[in-house]
Amino acid sequence: MKVSKVIVTLLNGLPETLSLLIASFFFASLIGLGMAWLYLRKNPILSALAKFYLGIVRGTPPLLMLLLSYFGLPKLFTLVGININDWAKIFFGIVGLSIGWGAYLEEAFRSAYLSVDKGQYEAALSVGMDAKHAFFQILMPQTFLIALPNIENLLIGLVKATSLVYVMGMVDMYSEATDLSNQNQGIYQLEIFIILALLYWLIVLLIEWVFRMFHRYYRYVEI
Amino acid sequence: MLLEIKSLKKKFANNTVLKGINLSIKAGEVVVIIGPSGSGKTTLLRNINFLEQADSGTMVFKDKQLNLANLSNEEILWVRRHTAMVFQNYNLFKNKTAIENISEGLIFGQNRSKKDALQLAKKALDSVGLLDKQDFYPAQLSGGQQQRIGIVRATVLNPDIVLFDEPTSALDPELVGTVLYDMKQLADQGQTMIVVTHQMSFARNVASRVVFFADGEIIETGTPSEVFDHPKNKRTKQFLSAIAEDY
Amino acid sequence: MFDSNFAIQSFPKILAVAPMTIYLSIIAAIIGLILAVLIAVVRERKVPVLSPIIGIIVSFIRGTPIIVQMYVVYYGLPQLLIALQKWGISTNSSGVPAIMVAITAYSLNAASNISESIRSAYHSVDYKQYEAAISVGMTPVKAMTRIIVPQLIANLIPNFSNIFIDLIKDTALVYNIGIVEIMAKANIISSVGFKYIETYLDALIIYIIICWIFAKLFQISEVIIRRRVFATQRIN
Ligand SMILES: Nc1ncnc2c1ncn2[C@@H]1O[C@H](COP(=O)(O)OP(=O)(O)OP(=O)(O)O)[C@@H](O)[C@H]1O
Ligand SMILES: [Mg+2]
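Residue numbers (our numbering), protein chains in the order written: chain A, 1 to 223; chain B, 1 to 247; chain C, 1 to 236.
See below:
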């Protein structure tokens, strides 16, 4: 079996891997921003809730997150009379990963926000900005830049976690590889998995490169 | 009077930092506040533009009566848009270039168009000879350059009063002069300023009035020569001899 | 709907295999830590040839899913042993036990992650401390072991704790090669009556408790070590 054929077969799963990655990261970011906002509102009940959520997720293997989403969500929805058993599997994959990574991103955003120099906000107020502009012009961009290394790590972690959706029968790159290796019944299995590893590595290197470029662009912004 | 503060009181927990301050400032005056560390000078400045909220007291600013214990958001914004502040550690926006630092307040505090704001910012930057630094981020500038841009950022807004909180005390000695020079220029142009500083030569040469501040109270106030050459209060004398500087 | 009796009955059965999860994580962390120290030394000393090669391997391991790494070892380790036989090194390549595969894969994974943490902990120690130690007449080795390393360890613990907890969670994948730990047991029990959610919730609770306990242990040890490090420095 040719290497090129292995690559082509594995790449069949790439769109699924990428859509899962992008959608999960998008929704995780929304959850993270929302939770960070709740947390920072200094409402004791909301902060406790956000803390509890993070505590749960920290101890949950991503695989279990996906399984609970896949098996648990339909049960939860039938309780309110909605049948989601037939919904596309990717939906459950996105939910599982977003809930997990949302908690991690919440922590990254919150700690970055808290480490922005307080004087920056005061300076913004002193030139007559209102709280909203001070936030969007000064605090938010600086928060984002501080959080960037953590965001990069979390995104890379998410790339790797997408390989776990095999548990619900989604056909991503990893599943293509296991299928191919089963079809071949014991030959070239090592090669298949090495190629698969190289493909993931390539995606990760690409992400690292993008972040490096970004970092270089903002290299004079020392926060 | 441009600004009239009456019985301003401020407490942090059980620590009473300002014990009923009365201070009036006429347009065009340069009021220099001196006094020992921890006496509440910074806190006073921050209470004037409401970065800190007073517990009680009143303020008349531009003929508008304000109750310091109970300010509306509109009042806070209005005062901030007619005052400006220069910080001890500059506080230039780290994610903005020099020119953006200056234009930011014009755009978001005064609702000017971006184009107008940049043009004004450019002119202001040029007037202090820093136009070549317009695209530099704060981290690429020396402390002296940052603080001079900090001053431009404040004055470009055309504020009625500029508040300076020890603008030179974070600077290397050789850079202090450049910043003081810019401040003197401003004073000569008739800008009303309140300056907290330990630079006694500046106080003597530029101030229209010197205020000696200690333990959250104004102990003595007068012209530079009154306060420096003929201090009336014992604590003023002690302070002046303790700093033992040629002024 | 949700069979809470089944969930309660299953809980002790799943809990009974939790030691496997912990055992695997601890072994991988210990081997990983030893390898990581070597890797960090090689990379910080910029050993020619070796350092860049190890750098690439570390990047590779950090850029690939652990489950893929596990299968690479699963299929690769026997072949490696055969190759070693050809070179005259006596090995037994037939039937490499699954636990060996898991320990190899997870140790290498841990080694890559820990080595990066060691390096960043090392860089976060103030270099002036080393210079000060030399200047008061300590030998470089002594300065290293007495001044730099204790501070490095204190800096390393929070990251090490995170890596260890990730290891615990990642071991949820070894059921794929037939090792019976928490996840495997949950799957086995479920497959009888197709009641998944019950056992998965059991597993979730067990993982959360284990992770919480270890996170606390690391926190406590950090406090103790910090106190020691800075106390000894004061006495010196
Ligand atoms: N946010 C705060 N919370 C609690 N206490 C504060 C706060 N800000 C200032 N203080 C206290 O108020 C007192 C006056 O502080 P302030 O900074 O106004 O002094 P200062 O005269 O500016 O001193 P320096 O010359 O050192 O700048 C100090 O005792 C300080 O500890
Ligand atoms: Mg002060």
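Positions of the beta carbon are idealized from the N, C-alpha and C atoms, including for glycine.
In the DSSP annotation of this structure, residue 52(B) is not part of any beta strand (DSSP E), being labelled neither H nor E. Comparing alpha carbon positions, the residue from 57(B), 110(B), 166(B) closest to residue 86(B) is 166(B). Between the beta-carbon of residue 3(B) and that of residue 25(B) there is about 4 angstroms, and that keeps the pair under the 8 angstroms contact cut. Burial is judged here by how many other beta carbons sit within 10 angstroms of a residue's own beta carbon; residue 30(C) has fewer than 16 and is exposed. Residue 119(A) belongs to the set of residues whose beta carbon lies under 8 angstroms from a beta carbon in chain B. Counting the other CB atoms within 10 Å of its CB gives residue 15(B) a total below 16, which places it among the exposed residues. Contact annotation: residue 178(A) and residue 166(A) have beta-carbon atoms nearer than 8 angstroms.
Residue 179(B) carries a helical assignment under DSSP once its states are collapsed to helix, strand and coil.
Just so you know, the alpha carbons of residue 172(B) and residue 143(B) end up roughly 8 angstroms apart. Your pair residue 170(A) and residue 14(A) does not check out as a contact, with CB atoms roughly 13 angstroms apart and the cut at 8 angstroms. Around the C-beta of residue 115(B), fewer than 16 other C-beta atoms lie within 10 Å, and the residue is accordingly described as exposed. Residue pairing by DSSP places residue 90(B) opposite 87(B) in a beta bridge.
Remark: fewer than three beta-carbon pairs, one from each stretch, lie closer than 8 angstroms, so the region 41-49 of chain C and the region 149-156 of chain A are not flagged as touching.
About 26 angstroms separates the CB atoms of residue 84(A) and residue 208(C); that is not less than 8 angstroms, and the two are not in contact. Contact holds between the region 151-162 of chain B and the region 180-192 of chain B, because three or more Cβ pairs, one in each stretch, are under 8 angstroms apart. Where residue 193(B) is concerned, the enclosing beta strand (DSSP E) starts and stops at 193-196. Every residue with a CB closer than 5 angstroms to a heavy atom of ligand 1 is listed here in chain order: 12(B), 17(B), 37(B), 38(B), 39(B), 40(B), 41(B), 42(B), 43(B). When secondary structure is reduced to three states using DSSP, residue 164(C) falls in the helix class. Going by DSSP, residue 214(B) is part of the beta strand (DSSP E) stretching over 209-214.
When secondary structure is reduced to three states using DSSP, residue 25(B) falls in the strand class.
With a cutoff of 8 angstroms on beta-carbon distance, residue 212(B) and residue 57(B) are scored as not near each other. Ligand 2 has a heavy atom closer than 7 angstroms to the beta-carbon of residue 166(B). Judged by DSSP secondary structure, residue 32(C) falls within the alpha helix (DSSP H) whose first and last residues are 18-44. Among the CB atoms of chain C, none fall inside 8 angstroms of the CB of residue 9(A). Residue contact with chain C for residue 209(A): absent (no Cβ-Cβ distance below 8 angstroms to any residue of chain C). Annotation: residue 111(A) has no Cβ neighbours in chain B at a cutoff of 7 angstroms; minimum Cβ distance is about 18 angstroms. DSSP places residue 221(B) in the uninterrupted beta strand (DSSP E) bounded by 217-222. For residue 1(C), the neighbours in chain A by C-beta distance under 7 angstroms run, in chain order, 75.
Taking each of 220(A), 97(A), 131(A) in turn and checking the Cα distance to residue 168(A), the smallest one comes out for 97(A).
Restricting attention to 45(B), 8(B), 28(B), 27(B), the CA atom closest to the CA of residue 197(B) is found in 45(B). Around residue 29(B), the same chain offers 192, 208, 209 as residues with beta carbons nearer than 7 angstroms, after the five sequence neighbours per side are excluded.
Runs of alpha helix (DSSP H) with 4 or more residues, each lying fully within the region 75-124 of chain A, are found at 89-114, listed in chain order. Sequence-ordered contacts of the region 52-67 of chain A with chain C read 55, 56, 58, 59, 60, 61, 62, 63, 64, 67 [C-beta pairs closer than 8 angstroms]. With at least 16 other beta carbons inside 10 angstroms of its own, residue 96(B) counts as buried. Around the beta carbon of residue 81(B), 16 or more other beta carbons lie within 10 angstroms, which makes this residue buried.
Scanning chain A for C-beta atoms nearer than 7 angstroms to the C-beta of residue 76(C) yields 190, reported in chain order.
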